[in-house]
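To start, the structure itself, in structure tokens.
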Amino acid sequence: MLGLMQDQPLLISNLIEFAERHHGDVEIVSRRVEGDIHRYTWRDVAMRARKVANALDAMKLAQSDRVATLAWNGYRHLELYYGVSGSGRVLHTLNPRLHPEQVIWIANHAEDQVLCFDMTFLPIVQAIHAKCPTIKQYVALCDADKLPADTGIPGLISYESWIAPQPSTYAWPSFDENTASSMCYTSGTTGNPKAALYSHRSSILHAYAACLPDVMCLSARDSVLPVVPMFHVNAWGLPYAAAMVGCKLVFPGAGMDGKSVYEMMENEKVTFAAGVPTVWQMLLGHLKPNNLKFSTLTRTVIGGSACPPAMINSFRDDYGVDVLHAWGMTEMSPLGTLCTLKNKHLTMSPEEQMKIRLKQGRAIFGVDMKIVGEDGNELPWDGKAYGDLLVKGPWIVADYFKTEGGHPLVKDAAGEAWFPTGDVATIDADGYMQITDRSKDVIKSGGEWISSIDIENIAVAHPAVAMAACIGVFHPKWDERPIVVVVKKPGAEVSRDELIQFYDGKTAKWQIPDDVVFVDAIPLGATGKMLKTRLREQLKDYKLPSL
Ligand code: AMP
2 MLGLMQDQPL
12 LISNLIEFAE
22 RHHGDVEIVS
32 RRVEGDIHRY
42 TWRDVAMRAR
52 KVANALDAMK
62 LAQSDRVATL
72 AWNGYRHLEL
82 YYGVSGSGRV
92 LHTLNPRLHP
102 EQVIWIANHA
112 EDQVLCFDMT
122 FLPIVQAIHA
132 KCPTIKQYVA
142 LCDADKLPAD
152 TGIPGLISYE
162 SWIAPQPSTY
172 AWPSFDENTA
182 SSMCYTSGTT
192 GNPKAALYSH
202 RSSILHAYAA
212 CLPDVMCLSA
222 RDSVLPVVPM
232 FHVNAWGLPY
242 AAAMVGCKLV
252 FPGAGMDGKS
262 VYEMMENEKV
272 TFAAGVPTVW
282 QMLLGHLKPN
292 NLKFSTLTRT
302 VIGGSACPPA
312 MINSFRDDYG
322 VDVLHAWGMT
332 EMSPLGTLCT
342 LKNKHLTMSP
352 EEQMKIRLKQ
362 GRAIFGVDMK
372 IVGEDGNELP
382 WDGKAYGDLL
392 VKGPWIVADY
402 FKTEGGHPLV
412 KDAAGEAWFP
422 TGDVATIDAD
432 GYMQITDRSK
442 DVIKSGGEWI
452 SSIDIENIAV
462 AHPAVAMAAC
472 IGVFHPKWDE
482 RPIVVVVKKP
492 GAEVSRDELI
502 QFYDGKTAKW
512 QIPDDVVFVD
522 AIPLGATGKM
532 LKTRLREQLK
542 DYKLPSL
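Using our numbering, the first residue of the sequence shown is number 2, and each one after it goes up by one.
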């Protein structure tokens with residue numbers, strides 16, 4: 002017997018219709034590429050998203066055709082989120098930090114038909130357009146009078162002239178909720194990038210989950226600043242979740258430096274922000290020397306790579322801000338786990354609580370996870386056993402777009418299909434997962450594993466250290482030994498021996514790095530994560546001093 006409930010597909014257009022009707026007056030504030038601040042409301046987003054949908058219809062763009070963006074976080078990008086997906090096309094957020102050759106490869110693989118870009122990225126578009134045969138329309142995300150006369154890009158039109166003649170009414174189509182809505186290519190440090198192809202259903206379920214109290218706890222009382230780019234897994238779903246609950250959205254545009262982000266936070270009374278650790282490093286680096294405090298920020302989600310304890314402490318002790326440590330992946334839309342305490346932890350000392358807060362957290366309902374050993378058998382949840390982390394759930398990929406060379410899922414003995422995350426983790430008896438490492442970054446020394454994350458966390462707790470990356474280097478006896486590559490804070494001093502001594506008592510003796518290499522900068526990937534593959538290449542001639 003079927004239930005007697007209304008059968009309505011979960012569609013992204015529902016979100017924008019709801020936002021317009023129920024909290025149409027809530028503000029969206031953006032710093033524009035032009036430099037000024039733009040303000041309007043969810044009602045305006047809805048109206049202009051309908052114009053976008055009409056513009057795509059006018060081009061006779063087929064359902065499921067890809068509309069790509071090369072854009073910062075801003076209001077026009079938000080309109081594309083809704084206009085493109087709502088009308089049944091697929092929004093493809095290209096990462097402008099990739100090398101132009103990679104952008105060409107990805108745009109061709111996705112068979113993008115339209116490319117909308119911020120003027121900051123005009124040089125990229127000029128470099129790639131001749132090699133992207135599927136793109137038939139280029140749209141510059143700017144006012145009509147800001148479009149330069151001779152860009153060399155055929156048929157280039159400004160976004161405002163593109164949507165101006167279009168009606169602001171539009172009947173959003175209804176279709177199967179499993180229809181593709183958006184896509185994002187993994188940052189893929191090896192091999193060609195692979196695309197996660199999200200559906201309307203997966204995006205809406207993920208948005209519901211994101212708002213839960215033990216997840217991001219978003220509400221109509223929040224003013225939210227996604228520092229995480231809209232081209233990095235849909236800004237972790239915030240553009241959708243915000244429309245669901247009716248919070249204010251604040252977009253920093255191209256101004257991702259500490260000073261610009263701080264100004265936006267204060268001016269727009271931001272209560273909640275989200276970003277990768279390297280971004281927060283810049284923000285804290287601006288606050289400390291200038292003796293600044295937050296007047297409204299209460300919590301921030303930090304994920305994408307391991308959040309060092311020193312950062313969690315500094316946010317809490319110096320600024321009264323709660324860090325929510327989160328873990329996820331492009332393939333997971335991206336939210337997998339978030340770290341919040343349980344009732345029984347509330348009476349613990351701050352030190353004991355910190356041990357928990359450091360972990361990547363508990364699975365969100367909708368995500369199931371397990372760790373397995375080399376034989377594929379599940380390992381115990383004792384906080385000690387570590388193994389490959391597998392996940393499954395309705396917002397996790399079943400396959401990649403136009404996948405070549407096999408499918409990602411693995412079957413367990415019970416026939417259940419799981420996505421192997423490539424991460425190595427422990428899970429404790431309370432269900433808190435902790436990432437030990439990316440499986441390819443883990444250091445294997447004398448048959449034992451050393452977590453590079455643990456070694457980095459200790460280094461960045463030293464007051465003179467701004468950033469640290471731990472990598473394994475060849476050792477004839479132990480196979481690999483850890484070294485730590487360090488960027489010092491401006492004007493700060495620490496010697497190799499002082500830093501090695503700093504590890505004393507903080508980790509097992511055999512896990513202490515054999516050497517410290519000081520560098521000016523650690524290479525960062527397109528989403529702000531440390532690129533250890535490149536670091537290893539840079540240090541390929543490095544030899545341990547003891548050899
Ligand atoms: P991406 O799909 O590019 O966002 O990368 C996903 C990968 O980032 C995960 O598989 C992890 O290796 C890493 N990652 C994400 N969040 C965290 C976190 N909180 N701690 C440690 N690693 C993380």
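The beta-carbon is built from N, C-alpha and C at its ideal position, and this holds for glycine as well.
Problem set entry | Completely contained beta strand (DSSP E) runs for the region 67-104, where each covers 3 or more residues | 67-71, 91-94
Exercise. Going by other Cβ atoms of all chains shown within 10 Å of its Cβ, with 16 needed for buried, is Lys-478 buried or exposed?
Worked result: If you number the sequence shown from 1, residue 478 lands on position 477. Result: exposed.
Exercise. For Lys-360, which of helix, strand or coil comes out of DSSP?
Worked result: What you label residue 360 is simply residue 359 of the sequence shown in a count that begins at 1. Here Lys-360 carries a coil assignment [DSSP, helix/strand/coil].
Problem set entry | Endpoints, alpha helix (DSSP H) assigned at Phe-19 | In the sequence shown, residue 19 corresponds to position 18, counting from 1. Start and end: 13-24.
Exercise. Taking the C-alpha atoms as reference points, what is the distance between Leu-123 and Trp-73?
Worked result: Here residue 123 is taken as the residue at index 122 of the sequence shown, counted from 1. Here residue 73 is taken as the residue at index 72 of the sequence shown, counted from 1. Those two C-alpha atoms are separated by around 13 Å.
Exercise. Tell me which same chain residues have a C-beta within less than 6 Å of the C-beta of Ser-220, skipping the five on either side of it?
Worked result: In the sequence shown, the residue the question calls residue 220 occupies position 219. Excluding residues within five positions, the ones whose Cβ falls inside 6 Å are Val-246.
For this session: Quick one: measure Cβ to Cβ for Leu-71 and Leu-3, integer angstroms, because I've assumed they're closer than 8 Å.
Result: Within the sequence shown, residue 71 is the residue found at index 70, counting from 1. Within the sequence shown, residue 3 is the residue found at index 2, counting from 1. Contact doesn't hold; Cβ gap of about 45 Å is too wide.
Exercise. When we look at the beta-carbon of Leu-114 and count the other beta-carbons within 10 Å, is it buried (16 or more) or exposed?
Worked result: Mapped onto the sequence shown, residue 114 falls at position 113. Reading off the sequence shown, one finds Gln at residue 114, where the question assumed Leu. Result: buried.
Problem set entry | Opposing strand residues paired with Asp-369 [DSSP bridges] | Within the sequence shown, the letter at position 368 stands for residue 369. Partner(s): Lys-393.
Problem set entry | In chain order, each beta strand (DSSP E) run of at least 3 residues that lies wholly inside the region 278-310 | 300-303
For this session: Under the assumption that Ser-204 contacts Ile-13 (Cβ atoms under 8 Å), give the Cβ distance between them as a whole number of angstroms.
Result: By 1-based counting over the sequence shown, the position of residue 204 is 203. By 1-based counting over the sequence shown, the position of residue 13 is 12. At roughly 6 Å, the Cβ-Cβ gap stays under 8 Å, so Ser-204 and Ile-13 are in contact.
For this session: Could you pull out every unbroken alpha helix (DSSP H) segment of at least 4 residues lying fully inside the region 453-482, listed in chain order?
Result: Counting whole runs of 4 or more residues, the region 453-482 contains the alpha helix (DSSP H) stretches 453-461.
Problem set entry | Distance, Phe-118 Cα to His-326 Cα | For this step, residue 326 is matched to residue 325 along the sequence shown. For this step, residue 118 is matched to residue 117 along the sequence shown. If you take the alpha carbons of His-326 and Phe-118, they lie about 32 Å apart.
For this session: For my contact list, Val-277 and Ser-296 are in at a C-beta cut-off of 8 Å; report their separation, rounded to the angstrom.
Result: Against the sequence shown, residue 277 aligns to sequence position 276. Against the sequence shown, residue 296 aligns to sequence position 295. No, Val-277 and Ser-296 are not in contact; Cβ-Cβ is about 24 Å, not under 8 Å.
Exercise. If you draw a straight line from the C-alpha of Ile-436 to the C-alpha of Phe-366, how long is it?
Worked result: Here residue 436 is taken as the residue at index 435 of the sequence shown, counted from 1. Here residue 366 is taken as the residue at index 365 of the sequence shown, counted from 1. In a straight line, the C-alpha of Ile-436 is about 19 Å away from that of Phe-366.
For this session: Indicate whether Gly-87 and His-39 have their beta-carbon atoms separated by less than 9 Å.
Result: Position 86 of the sequence shown holds residue 87. Position 38 of the sequence shown holds residue 39. Going by C-beta atoms, Gly-87 is not nearer than 9 Å to His-39.
Exercise. Which first and last residues belong to the beta strand (DSSP E) in which Trp-382 is found?
Worked result: The sequence position of residue 382 within the sequence shown is 381, counting from 1. Where Trp-382 is concerned, there is no enclosing beta strand (DSSP E), given that its DSSP letter is neither H nor E.
Exercise. Taking the Cβ atom as the reference point for each residue, do Ser-224 and Thr-187 lie within a distance shorter than 9 Å?
Worked result: Looking up residue 224 in the sequence shown gives position 223. Looking up residue 187 in the sequence shown gives position 186. No, these two residues do not count as a Cβ contact at 9 Å.
For this session: Taking only the alpha-carbon atoms, compute the straight-line gap between Tyr-433 and Arg-33 and give it to the nearest angstrom.
Result: Numbered from 1 along the sequence shown, position 432 holds the residue referred to as residue 433. Numbered from 1 along the sequence shown, position 32 holds the residue referred to as residue 33. C-alpha separation (whole angstroms): 40 Å.
Exercise. Straight-line CA distance for Met-217 to Tyr-209?
Worked result: Start at 1 with the first residue of the sequence shown, and residue 217 comes out as number 216. Start at 1 with the first residue of the sequence shown, and residue 209 comes out as number 208. Looking at the two C-alpha atoms, the distance is approximately 10 Å.
Problem set entry | Run of the alpha helix (DSSP H) containing Tyr-549, from where it starts to where it stops | With the chain covering 2 to 548 only, the question about residue 549 has no answer from this structure.
For this session: Less than 8 Å between the CB atoms is what I'm expecting for Val-520 and Pro-309, so what's the real figure, rounded?
Result: Translated into positions along the sequence shown, residue 520 becomes position 519. Translated into positions along the sequence shown, residue 309 becomes position 308. Incorrect: roughly 18 Å between the Cβ atoms, too far for contact.
Exercise. In terms of DSSP beta bridges, what is Ala-63 paired with?
Worked result: As a position in the sequence shown, residue 63 is number 62, starting the count at 1. DSSP, once it has assigned bridges, lists no residue as partnering Ala-63.
Problem set entry | DSSP beta-bridge partners of Arg-44 | For the purposes of this step, residue 44 is identified with residue 43 of the sequence shown, where counting begins at 1. According to DSSP, Arg-44 bridges with nothing at all.
For this session: Give the single residue among Ser-453, Gly-448, Lys-445 whose Cα lies nearest to the Cα of Asp-438.
Result: By one-based count along the sequence shown, residue 438 stands at place 437. That would be Ser-453, whose Cα lies nearest to the Cα of Asp-438.
Problem set entry | Nearest candidate by alpha-carbon position, reference Pro-166, set Val-53, Lys-530, Pro-230 | The sequence position of residue 166 within the sequence shown is 165, counting from 1. Out of Val-53, Lys-530, Pro-230, Val-53 has the C-alpha closest to the C-alpha of Pro-166.
Exercise. Ends of the beta strand (DSSP E) at Gly-259?
Worked result: Reading the sequence shown from its first residue, position 258 is the one you call residue 259. Element bounds for Gly-259: not the beta strand (DSSP E) but the alpha helix (DSSP H), 259-268.
Exercise. Any idea if Asn-193 is buried or exposed, counting beta-carbon neighbours within 10 angstroms, 16 or more meaning buried?
Worked result: Residue 193 sits at position 192 when you count from the first residue of the sequence shown. Exposed: under 16 other Cβ atoms inside 10 Å.
Exercise. Do three or more CB pairs link the region 497-504 to the region 527-541 at distances below 8 Å?
Worked result: no
Exercise. For Tyr-263, which residues of its own chain have a beta-carbon under 7 Å away from its beta-carbon, when the five flanking residues on both sides are left out?
Worked result: Along the sequence shown, one-based indexing puts residue 263 at 262. Leu-284, His-287, Leu-288, Leu-293.
For this session: Out of Gly-84, Thr-42, Asp-45, Val-46, point me to the one whose CA is closest to Asp-58's CA.
Result: One-based indexing of the sequence shown puts residue 58 at position 57. Closest by alpha carbon: Gly-84.
Exercise. Comparing alpha-carbon positions, which option in Ala-418, Ala-386, Glu-457, Lys-403 lies nearest Thr-427?
Worked result: Counting from one through the sequence shown, the residue named residue 427 turns up at place 426. With distances taken between Cα atoms, Thr-427 lies closest to Ala-386.
Problem set entry | Pro-166 - DSSP class collapsed to helix/strand/coil | Within the sequence shown, numbered from 1, the residue matching residue 166 stands at position 165. If DSSP states are grouped into helix, strand and coil, Pro-166 belongs with coil.
Problem set entry | Beta-bridge pairing of Trp-450 - partner residues as DSSP gives them | For the purposes of this step, residue 450 is taken as the residue at position 449 of the sequence shown. DSSP, once it has assigned bridges, lists Lys-445 as partnering Trp-450.
Problem set entry | Beta-bridge pairing of Thr-338 - partner residues as DSSP gives them | To locate residue 338, count along the sequence shown from 1; it is residue 337. Trp-328, Ala-364.
For this session: Leaving out five residues on either side along the sequence, give the residues of the same chain with a beta carbon under 6 Å from the beta carbon of Arg-98.
Result: Taking the sequence shown and counting its residues from 1, one reaches residue 98 at position 97. The residues are Ala-527.
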